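Peer 1: Structure provided below as structure tokens; questions to follow.
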Amino acid sequence: GEGSRTTSFWQNLWRAIGKAGSITGGFVTSPTIASNIGALFTILLLMLTALFGVYEKRKHDTALRNSTKSMQLLNVLKEFKKIGYIEGSSVISRNGLIIASTISTKTGAEKFSATSAYMVKSVEVALERLHKGMLNHIILNTTTKRVIATTAGKKGILVCLIKSQGNLGLMLLEIKKAANKIEKILG
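Quick note on my numbering: the sequence shown kicks off at 115 and runs consecutively.
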């Protein structure tokens, strides 16, 4: 069971340290060995503490980088929204998770994003199988709105919800600019 594995671990540790002196039955029989073991455990504890500190710093740096990226992405989306006719936009991952968004939660941003990622992936697969080149953008027209999706590098997708009366050429130009900025931010 668990106890025998723990005992086995300690027995193996004692055997390994025992090469430097006499250890019997799991008890240290020499004060010199005891101090060596104490020093060994102190060094091990310091190493683990240092490793944990490095891990925590990396985790903090990654979180800071990610929050900075999220803010940069949100700023791109807010600037993009200022050109008019844009109801909202999202930067999503290739698997449909929202990275940054100006689409209200009332609209169902999560479902919208997941569905958009699936749509982009489906079109990319179809284009690849038909040997018809790379995807530039997808435009869905409804009676009141347009949904335009485009890739933003290998990591992201930009999806925009636009009023149908907006100038399509201008929208596509602005979407391309925003997608390029997003690609640079995502790396």
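The beta-carbon is built from N, C-alpha and C at its ideal position, and this holds for glycine as well. Note that this is a predicted model, so its numbers are computed, not measured.
#1: Should residue 270 and residue 190 be called a contact, given that it needs their Cβ atoms to be closer than 8 Å?
#2: Across the stretch 222 to 233 and the stretch 241 to 249, are there enough close Cβ pairs to call them in contact, namely three or more that are closer than 8 Å?
#3: Between 227, 291, 288 and 260, which has its C-alpha nearest residue 212's C-alpha?
#4: Just the Cα atoms here: how many angstroms apart are residue 265 and residue 248?
#5: Shortest alpha-carbon distance to residue 268 belongs to which of 255, 294, 196 and 187?
#6: Quick check: what's the CA-CA separation for residue 285 versus residue 200?
#7: Would you grab the beta carbon distance between residue 297 and residue 194 for me? Rounded to a whole angstrom, and I think it's under 8 Å.
#8: Please list, in chain order, all residues of the same chain as residue 292 whose beta carbon is under 7 Å from its beta carbon, the five residues on each side excluded.
#9: Helix, strand or coil for residue 285? Go by DSSP, reduced to three states.
#10: Might you give, ordered along the chain, the residues of its own chain that have their beta carbon closer than 6 Å to the beta carbon of residue 210, omitting 5 neighbours on each side?
#11: Rounding to the nearest angstrom, what Cα-Cα distance links residue 208 and residue 235 in this structure?
#12: Would a C-beta distance cut-off of 8 Å place residue 196 and residue 299 closer than the cut-off?
#13: Please report how far the alpha carbon of residue 223 lies from the alpha carbon of residue 290, in whole angstroms.
#14: Where does residue 250 sit, in a helix, a strand or coil, going by DSSP?
#15: By DSSP, does residue 174 sit in helix, in strand, or in coil?
#16: Can you tell me which of the three DSSP states residue 189 falls into?
#17: Ordered along the chain, which non-local residues of its own chain (more than five positions away) have a Cβ less than 7 Å from that of residue 238?
#18: Tell me where the beta strand (DSSP E) around residue 264 begins and ends.
#19: For residue 203, count neighbouring Cβ atoms within 10 angstroms of its own Cβ and tell me buried if that reaches 16, exposed if not.
#20: Terminal residues of the continuous beta strand (DSSP E) containing residue 207?
Peer 2: Here's the rundown:
#1: no
#2: no
#3: 227
#4: 10 Å
#5: 294
#6: 9 Å
#7: Rounded, the Cβ-Cβ distance is 14 Å, inconsistent with contact.
#8: Hits under 7 Å: 190, 194 and 272.
#9: The DSSP-derived three-state label of residue 285 is helix.
#10: 227, 228 and 231
#11: 8 Å
#12: no
#13: For residue 223 and residue 290, the gap between their C-alpha atoms comes out near 21 Å.
#14: Shown here, residue 250 sits in coil according to DSSP, grouped into three states, outside any helix or strand.
#15: Unreliable placement is indicated for residue 174, whose pLDDT of 46 sits below 50; no coordinate value is reported for it.
#16: Looking at residue 189 - three-state DSSP - the assignment turns out to be helix.
#17: Taken in chain order, the residues that qualify are 249.
#18: Residue 264: member of the beta strand (DSSP E) spanning 259 to 266, first to last residue.
#19: buried
#20: Counting along the chain, the beta strand (DSSP E) containing residue 207 begins and ends at 200 to 207.
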